[in-house]
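Those letters in the sequence shown? Residues 12 to 693, by the working numbering.
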Amino acid sequence: MKRMFFLIIVIVSVICMNNTTVAQTKEEGAEFKVQTEQFADLAILRYQIPGFENLTVKQKELAFYLYQAALSGRDIMYDQNYKHNLLIRKTLEAIVKTYSGDWNSEEFKKFMVYTKRFWFSSGLHHHYSSIKFVPECSNSFFKELVLQTPVKELPLKKNQTAQQLADFLSPVIFNAALDANRVNQSAGADVVAQSANNFYVGLTQIEVENFYAAKIDKNDIRPVSIGLNSQLVKKDGKIFEKVWKIGGMYSAAIEQIVFWLKKAVAVAENEQQKKVFSLLIKYYETGDLRKWDEYSIEWVKDTESIIDITNGFIETYGDPLNYKATFESVLSLKDIEASKRIDAISRQAQWFEDNSPIRDEHKKKDVKGISAKVITVIVESGDASPSTPIGINLPNATWIRKEHGSKSVNLGNIVHSYNLASSEAQLREFAYNDEEIELSKLYGNLSDDLHTDMHEVIGHASGQINEGVGTPRESLKNYASTIEEARADLVALYYILDDKLVEIGVVPSTDAGKAEYNKYIRSALVTQLQRLKPGENLEEAHMRNRHIIAKWAYERGKEENVIEKVVRDGKTYFVINDFKKLRTIFGELLREMQRISSEGDFKSAQALVENYGVFIDKDLHAEVLQRFEKLHIAPYRGFINPVLKPVYKGKQIVDVQVEYPEDFTGQMLQYGKDYGFLPFEN
Ligand code: ZN
């Protein structure tokens, strides 16, 4: 069994924003409002699709069909996150649509904040921390809202009254202790029984592990991704899978996806793309994981098409055991000009592998076709929306990556929006001195891009697993994601200070690398703590991996004062005194991380994560929260998608126009109405 597609999420944690950012953009020649609103710990942004207008009519038509296929799967993610999410969402939406009371009352405003958070997270657990959040309005106010809503709008079961629905939902929504964590990874926890996701019903961790262990053939060098596309259920003592396919679980949504994919086949850009879509359709029709692999292989080979889409059960972060994948779709067009930078790096992949500080026996002798590009996102759905990754590297099946390579992309227009919305205030607050600020201003955007490129293109692609060890998911279990992300980050960090980058023309000077080092350490040890509430520890894989790297490097270089902790006017900074030495330390840790992955050394993975990646400095955390409080910056951001509107002449699409809505609530209600294909209880 291999890891599933795991989409790589690199958080640009240092970039942040003002309350409302209005930026000039070349594309429209007019002001384009990037940030539309901010609430709780979230900000809502918008992005544009430069280049869409230059597509041919046929490409636009193709894009429209794939756009529909992407959004058609949206409901699935809600249900995968938690069994009552669709019921709750339909209830919240019924209230929002029909509420005739005072929208400006404090209680209703609180209700709306909850509803928007719910949409943002595709459910009642925080999209990032996976911990349940509850409304700040009162339980009785919520019940009143349900009772005031016209009965025909409410998602009622047969013979159920509005009162009964309200009584049922009250504890589900308001009791923070009930199903408290979507993904519980705490040491000692039963990560299956104590996680509130909807991947397993009535099972314990041991039962799941045994069930799949019995299915895994360790001698199969091309294993399918067992368990990827199903819910595992124990009923009357029997354990069985409910497969997500046409005629199976989530059929109503999958039928819609397939409907649109079939239309896409007819207007595909070329034969290869046609083949890709056809295999994806077969997979959705049969649920056959071999088809998924066949599809993935052909998808990797399609490097010619301008329009591209990922669509499927892709992310396994939501399952602590990494078997089950959440639905996700990212539709894009290729940004040919911006792809030149990432291309230059990808062409040198073998050089980077050969010169890596990892042990020779862990190096890939022949780094296979890492195709890399910068894409312009057209729409995102499921696990990629509203919160989005900025880099993606797929497929995730290790053997496919080894034999056929992978596609690595940088989401150019998303990153561009982040940059437009970034605030200098945060940089000024957390950077140690003017030199650090200047470096960041000069190279910050470029070094962010480079880090993402290298993390995806030469990071995840590098290194090999020893024979007989199995995949990191099998050997490193719940620590696999964290170790893998750390490994990819370390490759990027190690090389971002290398003269090679100057030589191949992607940076003017290695000072860009220094900007990245400053940012990485600042983010890992200081600013990312903003995302945690008092008392919380690190849970999420990317946050953990950053903390491990920075803390390990800090302690390793302590004697030589490589990174110095400085407290000035009650504010804490981690200042890098020796960049070269820090690079060597990153190299050492990379070597160790690769060894852990290659050998499947669970004990070492556990020790690294538990010692460096879980616990934070409580005093520093309090200080960081206080410093952020004054800046009014939301730690998380997500996006309103553009809307594609076809223009018909008769039945023929003759053009597709793009609109950029500004209202997050409006878009969520529209999606609920247009793409609410699944019943509220599956
Ligand atoms: Zn990654």
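Ideal Cβ placement from N, Cα and C applies to all residues, glycine included.
Start and end residues, alpha helix (DSSP H) containing residue i
| i | result |
| --- | --- |
| Y490 | Run containing Y490: none; DSSP gives neither H nor E here. |
| L549 | Note, L549: premise wrong, no alpha helix (DSSP H); not H, not E. |
| Y78 | V68 to S83 |
| I308 | L300 to K312 |
| K569 | First-last for K569: undefined, no H or E at that position. |
Cα-Cα separation between residue i and residue j, rounded to whole angstroms
| i | j | result |
| --- | --- | --- |
| S236 | L291 | 15 Å |
| Q541 | S486 | 32 Å |
| E39 | S392 | Note on E39: pLDDT 40, under 50, position unreliable in the model; no value is reported. |
| K108 | L655 | 23 Å |
| L82 | K592 | 48 Å |
| L457 | E147 | 41 Å |
| E514 | L508 | 12 Å |
| E348 | N404 | 20 Å |
| K163 | E104 | 13 Å |
| H415 | I60 | 30 Å |
| G258 | D371 | 49 Å |
| Q605 | M679 | 42 Å |
| R533 | S241 | 40 Å |
| V635 | E117 | 29 Å |
| A263 | N230 | 37 Å |
| W410 | F585 | 40 Å |
| W114 | K641 | 28 Å |
| K569 | S350 | 40 Å |
| N8 | A616 | In the structure as shown, the chain begins at 12 and stops at 693. Residue 8 is therefore absent and cannot be evaluated. |
| S367 | Q681 | 49 Å |
| N556 | D394 | 21 Å |
| F288 | E266 | 14 Å |
| F43 | S451 | 25 Å |
| A74 | L66 | 10 Å |
| D313 | I268 | 21 Å |
| P161 | L167 | 11 Å |
| F210 | L77 | 27 Å |
| N444 | S433 | 19 Å |
Limits of the unbroken beta strand (DSSP E) element including residue i
| i | result |
| --- | --- |
| Y647 | Y647 to I651 |
| Q46 | Q46 to F50 |
| F324 | I318 to E326 |
| L619 | That residue, L619, is in no beta strand (DSSP E); its alpha helix (DSSP H) goes F613 to Y623. |
| R542 | No beta strand (DSSP E) contains R542, which DSSP labels as neither H nor E. |
| G402 | G402 to L405 |
| Q205 | Run containing Q205: none; DSSP gives neither H nor E here. |
| D377 | Here D377 belongs to no beta strand (DSSP E), and DSSP marks it neither H nor E. |
| T215 | Counting along the chain, T215 falls outside any beta strand (DSSP E), and DSSP gives it neither H nor E. |
7 Å CB neighbourhood of residue i in its chain, flanking five on each side removed
| i | result |
| --- | --- |
| E551 | Y139 and S140 |
Contact check, residue i vs residue j, beta carbons under 8 Å
| i | j | result |
| --- | --- | --- |
| T399 | G649 | yes |
| V716 | N333 | Here the chain has residues from 12 to 693 only, and residue 716 is not among them. |
| G329 | N548 | no |
| L180 | A173 | no |
| I99 | F338 | no |
| F363 | I476 | no |
| H558 | A535 | yes |
| L243 | I250 | yes |
| V518 | G611 | no |
| E315 | K286 | no |
| E435 | N529 | no |
| I381 | A360 | yes |
| P331 | N221 | no |
| V669 | F63 | yes |
| I596 | A564 | yes |
Other residues of its chain near residue i: CB distance less than 6 Å, five sequence neighbours each side excluded
| i | result |
| --- | --- |
| H5 | Examination of residue 5 is not possible in this model, given that the chain is present from 12 through 693 alone. |
| D319 | S343 |
| K245 | G213 and L214 |
| M524 | Note that residue 524 is Gly in the sequence shown, not Met. If we look at G524 and ignore the five residues flanking it on each side, its Cβ neighbours are I507 and L508. |
| P397 | F131, G649 and F650 |
Same chain, Cβ closer than 8 Å to residue i, neighbours up to 5 away in sequence not counted
| i | result |
| --- | --- |
| F185 | V145, P146, N150 and F153 |
| D460 | R352, N421 and V426 |
| N30 | Here the model assigns N30 a pLDDT of 31, short of 50, so the residue's position is not dependable, and the following value carries that caveat. Closer than 8 Å at Cβ, skipping near neighbours: Q46, Q49 and H643. |
C-beta neighbour in chain D for residue i, strict 8 Å
| i | result |
| --- | --- |
| Y76 | Here chain D cannot be found, since the structure has a single protein chain. |
### Query
Is the region 296-307 close to the region 199-213, with three or more CB pairs under 8 Å?
no
### Query
So, do the region 272-282 and the region 70-79 have three or more beta carbon pairs nearer to each other than 8 Å?
yes
### Task
Count the C-beta pairs between the region 122-142 and the region 48-60 that are closer than 8 Å, then say yes if the count reaches three, no if not.
yes
### Task
For the region 425-432 and the region 55-67, state whether three or more C-beta atom pairs, one from each stretch, are separated by less than 8 Å.
Taking 8 Å as the limit for Cβ pairs, the verdict is that the region 55-67 does touch the region 425-432.
### Query
Touching or not, the region 526-542 and the region 637-648, by the rule of three or more beta carbon pairs under 8 Å?
yes
#### Entry: Segment contact flag, the region 485-503 with the region 348-359, C-beta cutoff 8 Å, min 3 pairs
Touching, no, given that fewer than three Cβ pairs across the two stretches are closer than 8 Å.
### Query
Can at least three beta-carbon pairs, one atom from the region 477-491 and one from the region 576-596, be found at a separation below 8 Å?
Taking a cut-off of 8 Å for Cβ pairs, the region 477-491 and the region 576-596 do not touch, as fewer than three such pairs fall below it.
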